[in-house]
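Novice:
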Amino acid sequence: MKTAIIYVSKHGTTEKIAHQIQQGLGLETELIDLKNNAHIDLSPFDQIIIGGSIHAGMIQNSIKDFYNKNAVSLLEKRLGLFISCFYEGEIAQKQLEKAYPEVLKKHAISIKVMGGEMLIDKMNFFEKLIVKKVVGITQTDSKIKIENIQEFINEMRNS
Ligand SMILES: Cc1cc2nc3c(=O)[nH]c(=O)nc-3n(C[C@H](O)[C@H](O)[C@H](O)COP(=O)(O)O)c2cc1C
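Just so you know, we're using my numbering here: the sequence shown kicks off at 30 and counts up by one.
(1) Check whether the Cβ of S171 lies closer than 6 Å to any heavy atom of ligand 1, and answer yes or no.
(2) Between Y129 and ligand 1, is the CB less than 6 Å from at least one heavy atom?
(3) Quick one: grab the DSSP three-state call for T43.
(4) With distances taken Cα to Cα, identify the nearest neighbour of G41 among N177, G144, K161 and T58.
(5) Under three-state DSSP, which class holds H136?
(6) Looking at the structure shown, is L54 part of a helix, part of a strand, or coil, going by DSSP?
(7) Pick helix, strand or coil for A85, following the three-state DSSP scheme.
(8) F181 to S139, Cα distance in whole Å?
(9) Just verifying my parser: in three-state terms, what is the DSSP assignment at D150?
(10) Which of the three DSSP states is assigned to G118 in this structure?
(11) Excluding the five sequence neighbours on either side, which residues of its own chain have a C-beta within less than 6 Å of the C-beta of N177, listed in chain order?
(12) Three-state secondary structure (DSSP) at Q76?
(13) Assess, as a yes-or-no matter, whether the segment 69 to 89 is touched by the segment 109 to 129 under the definition of 3 or more beta carbon pairs within less than 8 Å.
(14) Tell me the rounded alpha-carbon separation between Y96 and R107.
(15) Below 8 Å CB to CB, which residues in the same chain sit around D75 once its five sequence neighbours on both sides are set aside?
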């Protein structure tokens, strides 16, 4: 089955997660960074996975533009959706709910929060200030949820 993992990543965490999904799904899985690919031909793919990260409660606009422009094609494919974010539990779930439209969430085979990382070395001055003030974080920290990535891979493979 041909799969495209279409993602956007600010500091590399969503990209890292996308790579792990690619490894789990195997050979016919292509990684596509939306930053470098404005127009993507979805026709060769049976399965599409979309992943973005959450900043100030929102997924990237480029992810929203992508799914809005391609909604009809996406509904004809097997679909998986995920986010990378640092918050956990109910807040993370609400961020996931808000990140994708109802029609795509209903159609998706798997939808998951994959956790996230705060990579202080990659942040600019303002980002450091925001994460210190809002989350109280001053040092690099990782909360990637390996078990959710594995569940996502299993669900995309088996359903
Ligand atoms: C400036 C800034 C704002 C953030 N805002 C949120 C947020 O509102 N909610 C959240 O759960 N995580 C937030 N995060 C954490 C990111 O979602 C997390 O670092 C994610 O793994 C980033 O993935 P990326 O490097 O692929 O963009 C924020 C991080 C930064 C640097």
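Note that CB positions come from ideal geometry on N, CA and C, so glycine has one too.
Specialist: This is what the structure gives:
(1) No, ligand 1 has no heavy atom inside 6 Å of this Cβ.
(2) When distances are taken from the beta-carbon of Y129 to the heavy atoms of ligand 1, even the shortest one reaches 6 Å or more.
(3) DSSP places T43 in helix when its eight states are reduced to three.
(4) Of the listed residues, the one whose Cα sits closest to G41 is G144.
(5) Here H136 sits in helix by DSSP.
(6) For L54, the secondary structure class from DSSP, reduced to helix, strand or coil, is helix.
(7) DSSP places A85 in coil when its eight states are reduced to three.
(8) Going by C-alpha positions, F181 is about 6 Å away from S139.
(9) Note: D150 maps to helix in three-state DSSP.
(10) DSSP, reduced to helix, strand and coil, places G118 within a helical segment of the structure shown.
(11) The beta carbon of N177 sits closer than 6 Å to those of K141 and M143, all from its chain and outside the five residues before and after it, given in chain order.
(12) For Q76, the secondary structure class from DSSP, reduced to helix, strand or coil, is strand.
(13) Under the 8 Å Cβ criterion, the segment 109 to 129 counts as touching the segment 69 to 89, having at least three qualifying pairs.
(14) Their backbone Cα atoms lie some 14 Å apart in a straight line.
(15) M30, K31, T32, K106 and R107, listed in sequence order.
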